[in-house]
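Here the protein sequences line up with chains E and R, keeping their order. Just so we're aligned, residue 701 is where the first sequence starts under my numbering, counting upward by one. Just so we're aligned, residue 701 is where the second sequence starts under my numbering, counting upward by one. Even glycine gets a Cβ: it sits at the ideal position worked out from N, Cα and C. Predicted model only: the values in this text are computed from it and were never measured.
Number of protein chains: 2
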Amino acid sequence: MHVVVMAGGSGTRFWPVSRQARPKQFLNITGGQPMVVETCDRVTSLVSDEEIILIVGREHLNETKTLFKGRDVHILAEPVGRSTAACIGLGAVYAAHLGCQRPVVFMPADHFIAKPAAFVESLKQASEIASSEAIVTLGIVPTRPETGYGYIQWKEERPDFWKQKAYRVVAFVEKPTTDKAKQYMLRGDYLWNAGIFVATPKTILKALERYLPPVHQGMMRLVSAFGAGGFENQLEVVYEKLESISFDYGVMEKIEDAVFVVPCDCGWSDVGSWESLFELREAEQDENGNFREGECMLIDCKKSFVSSRGGKMISCLGLKNCLVVDTQDALLVADMKKSQEIRRITEQLKLKRRNDLF
Amino acid sequence: MHVVVMAGGSGTRFWPVSRQARPKQFLNITGGQPMVVETCDRVTSLVSDEEIILIVGREHLNETKTLFKGRDVHILAEPVGRSTAACIGLGAVYAAHLGCQRPVVFMPADHFIAKPAAFVESLKQASEIASSEAIVTLGIVPTRPETGYGYIQWKEERPDFWKQKAYRVVAFVEKPTTDKAKQYMLRGDYLWNAGIFVATPKTILKALERYLPPVHQGMMRLVSAFGAGGFENQLEVVYEKLESISFDYGVMEKIEDAVFVVPCDCGWSDVGSWESLFELREAEQDENGNFREGECMLIDCKKSFVSSRGGKMISCLGLKNCLVVDTQDALLVADMKKSQEIRRITEQLKLKRRNDLF
């Protein structure tokens, strides 16, 4: 079995800690290690390091090599970002190149999982189903009527030959309104789409061939380059022309045959905002519901997130639902409820051409 | 006429900008200049620089000399702080030493005055009354039922020989409760005690002789040292033994004879907290009632005070009634309503022996 860890994305939702050139998968926002390392470590009971294929943006290649020094993970660098269809295609041809014919797990490098054992168990289940040329997704059991995630609707079936807890997918659904999200919770046949897929390289490539032929053709050109030695050059030529399209949109939403979902209750979060990070680190909160990191003094504060990452002591007095993040060169103070709107700050910084800060 | 500017106090109410070793009179919190400079500049229409006697703590002597380089103000350094009775005594004997027999203004270096012309006018009135061996205080016309100030109760009189707007003082009153403060506002015969006195050196020394004989004796020893050259040594010897007592408590509250008050409506503030500073700089607030200083970006913020003094850009999102002050080595984020409780932070810093930060 192989695991493809997709670490190519960029984003500044954790500004001022995350920056354009320093996306969250390379930050240690969920614990002691950068998320990309935690993501790889999470599957070590499932695969050895040599069975991990890590796909990063070229600008992060050196940093990644440093992070994984002494480990045998395969590291591939995308010359430019081309969304998940290309990345999954690349992972599939590379896994095949390594001789893998068994199911491969494709997963983002910037998610948090509170219960890794449950997660690995679900991957094993998914893998068994995926052996039969199916594409299997993990469907996260919703814990709230979240409007920030896509959903997967399933249909109950009990196919004898599996004896697995898995369902046939009826539809992939875009981010819903609040009303719809509440309905989905009540109905119970909707799961969160975590963007985690399990399938054999062959199945992935067949799906690309059918639904995204240009991406498939690009990947085939890479296959011929593996032996010839000019892989990196060819990767650049191929990626330059590739369409940037997500695997969900380009393949999963269009596919009509065998797509299955394994429900998974593993404390998953895509960690999309400071507020969601605050919530998932609940166990580390003090008796007043405050999370603190680095040197800080909190007096009469409630439900606040205070992070000192610039070496400076932060003193807080009488705060409530407040987000304070200090780094070497920038400071954020925000109402926690507004943490989804951080982009309003980074957009301003972009307009002001403060390239040093975003 | 002479003016004694008392700049010896220390305090950390404007932490993290003010520190034990850097009290607010040496900071530029109210505008472009350190408060001690603004205080002296405020009376330049009344006296020349040679008629200003500036009394500072010894630890601030060099800084003061630098601030007043090229100006002829007299600068005296107290070896230790001994509250206002000693400081006013020192100012009185020094003014007498300079040949002054006319009334002297004694005033703190760390007050803000929005209408300096009205202030100077009141000092002139007070000075005329003080010529006749009276001690005259300025009484600030209250604009709110403030519980943080002492009050002066007056009794209406119309002595013919003055034709001045001045009243005989009935009592000096300690900081009142909220109920009492409201009563004082309604009655109209209570004014705020700003700690600003006008009296001749002779009158001051007579009052000290009567109510604080040890302080008076100390001052007399200084007088004999003026000619002999060993003034600084003698100052140290005298101050070492002096009681630390305020002029209000030691003299004004006990005095039974001629004490008068000149009501003054000059936009006075003792600038006792970040909140009071925020209020008195109202004119500089933006359309959402925010005050900003240094490089900062405010999005969806209301009635907040954001000061960047450490060279770092501060980004604020969705704040309300919030106080954010960043300096080179410390950061404060507080509910504006709690700005009177800053000492809770500095006390903690003291306990933690963070001498670098308080």
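- For Lys-1012 of chain E, the nearest beta carbon of chain R is closer than 7 Å to its own beta carbon.
- With respect to chain E, the C-beta atom of Ile-999 of chain R has a partner C-beta closer than 7 Å.
- Going by DSSP, Leu-891 of chain E is part of the beta strand (DSSP E) stretching over 890-899.
- For Lys-954 of chain E, there is no enclosing alpha helix (DSSP H), since its DSSP letter is neither H nor E.
- Within the same chain, Cβ atoms closer than 7 Å to the Cβ of Phe-714 of chain E are found at Lys-724, Leu-727, Ile-729, Trp-974, the five residues on either side in sequence being excluded.
- Annotation for His-797 of chain E: the continuous alpha helix (DSSP H) segment containing it runs 783-797.
- Here Ile-755 of chain E is near Cys-787 of chain E, since their CB atoms are less than 7 Å apart.
- The three-state secondary structure of Pro-845 of chain E, taken from DSSP, is coil.
- Residue state for Arg-887 of chain R is assigned as helix, using DSSP reduced to three classes.
- Chain R has no Cβ within less than 7 Å of the Cβ of Ser-831 of chain E.
- When C-alpha distances from Asp-957 of chain E are compared across E:Leu-942, E:Lys-875, E:Lys-906, E:Lys-941, the shortest belongs to E:Lys-906.
- Flagged as an interface residue toward chain E: Gln-1048 of chain R, by a C-beta distance shorter than 7 Å.
- Contact of Val-1024 of chain R with chain E is assigned, a C-beta pair being separated by under 7 Å.
- Among the residues of chain R, none has a CB under 9 Å from the CB of Arg-713 of chain E; the nearest is roughly 13 Å distant.
- Straight across, the Cα-Cα distance linking Ile-852 of chain R with Ala-826 of chain R is about 15 Å.
- Between Asp-1035 of chain R and chain E, the shortest Cβ-Cβ separation is below 7 Å.
- Excluding five sequence positions before and after Thr-900 of chain R, the CB atoms of its chain that fall closer than 6 Å to its own CB belong to Pro-803, given in chain order.
- Residue-level contact check: Leu-1032 of chain R touches chain E, since one or more beta carbons of chain E fall below 7 Å from its beta carbon.
- The Cβ-Cβ distance between Val-820 of chain R and Ser-924 of chain R does not fall below 7 Å.
- Taken atom to atom, the span from the alpha-carbon of Ala-834 of chain E to that of Pro-913 of chain E is near 19 Å.
- The secondary-structure analysis by DSSP pairs Glu-993 of chain E across a beta bridge with E:Ser-1007.
- The segment 743-787 of chain E is shown to contain whole beta strand (DSSP E) runs of 3 or more residues at 752-757, 774-778, in chain order.
- If you check the CB distance, Ile-775 of chain R and Thr-764 of chain R come in under 7 Å.
- Two segments are said to touch when three or more pairs of C-beta atoms, one from each, lie closer than 8 Å; by this definition the segment 808-824 of chain E does not touch the segment 926-933 of chain E.
- Approximately 6 Å separates the beta-carbon atoms of Thr-847 of chain R and Lys-875 of chain R; this is inside 8 Å, confirming the contact.
- Within the DSSP bridge table, the entry for Met-807 of chain E names E:Val-705 as partners.
- Taking the beta carbon of Leu-886 of chain R as reference, no residue of chain E falls within 8 Å; the closest one sits roughly 31 Å away.
- One Cα belongs to Phe-1058 of chain R, the other to Ser-710 of chain R, and the distance between them is close to 12 Å.
- Taking 7 Å as the cut-off, the beta carbon of Phe-1005 of chain E is found no closer than this to the beta carbon of Glu-953 of chain E.
- Taking 9 Å as the cut-off between beta carbons, none of the residues of the segment 799-813 of chain E comes near chain R.
- The beta-carbon of Arg-844 of chain R is placed no less than 7 Å from the nearest beta-carbon of chain E.
- DSSP, read as helix, strand or coil, puts Ile-852 of chain E in strand.
- Taking all protein chains in view, the Cβ of Gly-757 of chain R is crowded by 16 or more other Cβ atoms within 10 Å, so the residue is classified as buried.
- Considering only beta carbons, no part of the segment 886-905 of chain E lies closer than 9 Å to chain R.
- A direct Cα-to-Cα measurement between Val-780 of chain R and Lys-1003 of chain R gives close to 40 Å.
- In the DSSP assignment, Ala-826 of chain R falls within the unbroken alpha helix (DSSP H) covering 816-830.
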